[in-house]
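Residue numbers (our numbering), protein chains in the order written: chain A, 5 to 134; chain B, 19 to 174.
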């Protein structure tokens, strides 16, 4: 019953599923990297916010825009840093959701790959007996 | 983010490891070794940063001793210095991160350096504790692995 064509088809299926799996794993790794970068930025921005909050009203704040140091209003600087912190936190939450989804997909792909492997083994064992 | 071997006492951990196969044990040891290396790198980074802050603090202190109008050399690039005079050393510009600079008094500037150094020192201590815990686990895994391998070897 086991024809070489069936085995070949299973093998092709296995290759496809294995490729899908490695693609998902690469996506998860990329997600981790981006998440790391955002976490570092979040930490830095929170430090800056803490420093800004320690300042008195009339303290001078400057922002480095390219090679130019531009005087900024303390309230404006506070608002900018707060907005950045909000944005980064939202991005991190989105990344979390994405990585969870990816991990689920990875697990189900792993199971699918295992099933195909088992079918191949059963088929080859059947061939050996025949 | 880092996986912790939490409240498990060393005896419990070793018992768990004894139950694992050689393959699993090798994987655990490799994983823990990797984590230990990462933590060591972080510790080194913190040490470097603390040194830089110490240098900044020393420079600030030196600056506060200099009188106004003192002749000095101002760096324009890494290899070009221009003669100039020291203006007001009472005000300093502090880089607080993400491109923001704050004008502070000399006292506030010194205080800023002190605060950052304290923060780094406490981070360093926390990391050191975590790193030594991980190292203990890695060493335990190594010992159990060695014992298992010795058990298997004479049978071949």
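Note that the Cβ used here is the ideal one computed from N, Cα and C, for glycine as well.
If you're wondering where the values come from, they're calculated on a predicted model, not measured in any experiment.
Using a Cβ-Cβ cut-off of less than 7 Å, list which residues of the region 49-71 of chain A approach chain B; keep chain order. Shown in chain order are the members of the region 49-71 of chain A whose Cβ falls below 7 Å from a Cβ of chain B: 49, 51, 52, 55, 59, 63, 64, 65, 66, 67 and 68.
Cβ atoms of residue 166(B) and residue 32(B): under 8 Å apart, would you say? Using a Cβ distance threshold of 8 Å, residue 32(B) and residue 166(B) do not count as a contacting pair.
With a threshold of 6 Å on Cβ separation, who are the neighbours of residue 17(A) within its own chain once the five nearest residues in sequence on each side are excluded? Excluding positions up to five away in sequence, the list reads 120.
Is it true that the CB of residue 137(B) sits closer than 8 Å to the CB of residue 61(B)? Not in contact: residue 61(B) and residue 137(B) (Cβ atoms no closer than 8 Å).
Below 7 Å CB to CB, which residues in the same chain sit around residue 76(A) once its five sequence neighbours on both sides are set aside? Cβ neighbours of residue 76(A) beyond the five flanking positions: 65, 66 and 67.
With a cut-off of 8 Å on the beta carbons, I'd call residue 135(B) and residue 52(A) a contact; round off their distance for me. Actually they do not touch by this definition, with Cβ atoms about 18 Å apart.
When the Cα atoms are used, what is the spatial distance from residue 23(B) to residue 27(A)? Only weak support exists for where residue 23(B) lies, its pLDDT of 48 falling under 50; the value from the coordinates is given anyway. The straight-line gap from Cα to Cα measures roughly 31 Å.
Using alpha carbons as the reference points, say which of 169(B), 147(B) and 125(B) lies closest to residue 82(B). Closest option to residue 82(B), judged by alpha-carbon separation, among 169(B), 147(B) and 125(B): 125(B).
Between which two residues does the beta strand (DSSP E) containing residue 76(A) stretch? Taken as a continuous stretch (DSSP letters only), the beta strand (DSSP E) holding residue 76(A) covers 72-76.
Close beta carbons around residue 38(A), own chain, < 7 Å, minus the five adjacent residues each side: Taken in chain order, the residues that qualify are 99.
For residue 135(B), would you say it is in contact with chain A, using Cβ-to-Cβ distances shorter than 8 Å as the test? No - not a single Cβ of chain A is within 8 Å of the one on residue 135(B).
Where DSSP assigns a beta bridge to residue 91(B), which residues make up the other side? 101(B), per the DSSP bridge assignment.
Three-way DSSP call (helix, strand, coil) for residue 106(B) in this model: It is coil, neither helix nor strand.
Counting only C-beta atoms, is residue 120(B) closer than 8 Å to chain A at any point? The beta carbon of residue 120(B) falls within 8 Å of a beta carbon belonging to chain A, placing the residue at that interface.
Within-8 Å CB hit, residue 155(B) to chain A: False, the Cβ-Cβ gap to chain A never drops below 8 Å.
Let me check one thing: in DSSP terms, what residues is residue 118(B) bridge-paired to? Its beta-bridge partners are 67(A) and 115(B).
Which residue from 57(A), 105(A) and 132(A) puts its Cα closest to that of residue 29(A)? Residue 105(A) is the option with its Cα nearest to residue 29(A).
Just the chain B side, please: which residues come within less than 9 Å of residue 73(A) by C-beta, in chain order? Neighbourhood of residue 73(A) in chain B, by CB distance below 9 Å: 111 and 119, in chain order.
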